[in-house]
Amino acid sequence: MRARLSFVLGTVGAALFAASGLARAAEPMNLMLNWTPTADHAPIYFAKAKGWYSEAGIDLTIEAGKGSAVSAQRVGSGGANLGIADLPTAIQAVGKGADLKAIMVIYANSPQGFYWLKSSGINEPKDFAGRKIGNPPGDAARLMWPAFAKKVGLDPASVNFVNLSPQAKVGALKTKSVDIISDFYNEHDLKVREFGPDLGFVAWRNIGVNVYGNSLMVNGAYLKANAERVKKFTAVTQRAYSACVKDFQPCLDALTASVSGLNPDNQKDQWNRIKQLMRDDTTTKVALGAFD
Numbered sequence: 001m002r003a004r005l006s007f008v009l010g011t012v013g014a015a016l017f018a019a020s021g022l023a024r025a026a027e028p029m030n031l032m033l034n035w036t037p038t039a040d041h042a043p044i045y046f047a048k049a050k051g052w053y054s055e056a057g058i059d060l061t062i063e064a065g066k067g068s069a070v071s072a073q074r075v076g077s078g079g080a081n082l083g084i085a086d087l088p089t090a091i092q093a094v095g096k097g098a099d100l101k102a103i104m105v106i107y108a109n110s111p112q113g114f115y116w117l118k119s120s121g122i123n124e125p126k127d128f129a130g131r132k133i134g135n136p137p138g139d140a141a142r143l144m145w146p147a148f149a150k151k152v153g154l155d156p157a158s159v160n161f162v163n164l165s166p167q168a169k170v171g172a173l174k175t176k177s178v179d180i181i182s183d184f185y186n187e188h189d190l191k192v193r194e195f196g197p198d199l200g201f202v203a204w205r206n207i208g209v210n211v212y213g214n215s216l217m218v219n220g221a222y223l224k225a226n227a228e229r230v231k232k233f234t235a236v237t238q239r240a241y242s243a244c245v246k247d248f249q250p251c252l253d254a255l256t257a258s259v260s261g262l263n264p265d266n267q268k269d270q271w272n273r274i275k276q277l278m279r280d281d282t283t284t285k286v287a288l289g290a291f292d
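Each residue of the sequence shown is one higher than the one before, starting from 1 at the first, in our numbering.
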């Protein structure tokens, strides 16, 4: 069951953006991502490359992140104006005093998943007890683990978490230095190709832990002082995600022009999974990016 949230800015769209008028002197705004840039951030790079933020009076700086927890803390303390974070992680940060407001959902469904090798003797989540889970220390899955464990009947203390960077997780599973890894569903195809039929997988949303995932956050004090600017940022970003759903290639081109080392085919696979995560009744029938 979803918790009902107050949607700070309401439904925004292209009409608001078009009404912003002629180009004007842009005001600086910084956005901290949840991780290093990949397909789910492509619409933001696309909108920046097209000049949409500048036309809305925003000089946007994009900063790579180190996990949802870091992003939520940074934005919540005022170190960044806006950020992307997994919503449960952001809620936990608010509980610890972070000044955060959610303004747009990107993943309407939880992207969280666990992966393992069937040859290791793991057949289902109940077999996780006594095993090692590879996971970045600032990742949302680690913070949300007690909810998952409760859902499948495990003692949360029955596993050991091992610190791994996002880039090291697949290699660690392959060498069996860990038994399980957590990862977002948008990179599912990469692991299917790597491990084939030996790959075990469970999506959190399929076992009843389906909370909102990546969402755009804004510092509360910044929002209060710059409500119209944040509203325009959200309108542009909503427009960009809508454009990328219709045709991803220009968005991919903008992403790879700004970020080196990305495999275009992998990013296309990711985007197809991301579109599944973005889709629910609210985002398709009310407005893309809207919360229930």
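Where is the CB? At the ideal position from N, CA and C, for every residue including glycine. All values derive from a computational prediction rather than experimental measurement.
Check, Outcome
"Which partner residues of methionine 32 appear in the DSSP bridge assignment?", "Glu63 and Gly83"
"Ordered along the chain, which non-local residues of its own chain (more than five positions away) have a Cβ less than 6 Å from that of tyrosine 212?", "Leu87 and Val105"
"Check the DSSP bridge columns for methionine 217 and list the partner residues they point to.", "Gly83 and Ala102"
"Give every residue of the same chain whose Cβ lies closer than 8 Å to the Cβ of tryptophan 35, excluding the five residues on either side of it in the sequence, and list them in chain order.", "Ala64, Gly65, Lys66, Gly67 and Pro166"
"Report the option in Lys96, Asp183, Lys151 and Lys132 whose CA atom is closest to the CA atom of valine 162.", "Lys132"
"If you check the beta carbons only, do phenylalanine 291 and threonine 282 fall under 9 Å apart?", "yes"
"Are at least three pairs of beta-carbons, each pair with one atom in the stretch 111-123 and one in the stretch 150-159, less than 8 Å apart?", "no"
"Is threonine 61 buried or exposed, if buried means 16 or more other CB atoms sit within 10 Å of its CB?", "exposed"
"Going along the chain, which residues of its own chain have a beta-carbon closer than 8 Å to the beta-carbon of aspartate 99, five neighbours each way excluded?", "Gly76, Ser77, Gly78, Asn219, Gly220 and Ala221"
"Going by the CB atoms, is the gap between alanine 240 and isoleucine 84 shorter than 9 Å?", "no"
"Use the C-beta contact count for threonine 11: other C-beta atoms within 10 angstroms, 16 or more gives buried, fewer gives exposed.", "Note that threonine 11 scores 43 on pLDDT, short of 50, meaning its location in the model is unreliable; the coordinates nonetheless yield the value given after this. Exposed, since its Cβ has fewer than 16 Cβ neighbours within 10 Å."
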